[in-house]
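The structure under discussion appears below in the form of structure tokens.
Numbering (my numbering), first residue to last: 138 to 240.
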């Protein structure tokens with residue numbers, strides 16, 4: 138079923154006859170407009186299943202831990218201190234008092 142929203146009342150055909158529906162009209166598509174599902178090959182299905190269940194087979198390795206520490210901890214801390222440094226530098230150049238930041 139497809140639901141079409143219309144701003145004005147709409148006349149719809151039903152098995153019981155014509156009726157006015159104030160805000161919406163349910164329209165069933167013709168069978169010719171429905172397309173059959175594509176046929177998937179078994180290797181692709183196997184690969185998709187493998188990707189869907191990856192979280193069940195995940196094991197932390199040295200490279201994974203390194204990436205989490207680098208991008209999840211070190212990089213955000215670096216960006217924070219770089220931003221604080223730039224803000225303090227702008228404050229100093231404009232004669233503003235030193236602002237206290239975390240760290």
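Just so it is clear, CB atoms sit at the ideal spot from N, CA and C, and this is done for glycine as well.
Quantities reported herein were computed from a predicted structural model and do not represent experimental measurements.
- In this model, residue 228 and residue 218 are separated by some 15 Å (Cα to Cα).
- In terms of Cβ geometry, residue 221 and residue 195 do not form a close pair [threshold 7 Å].
- A straight line joining the alpha-carbon of residue 234 with that of residue 185 spans about 58 Å.
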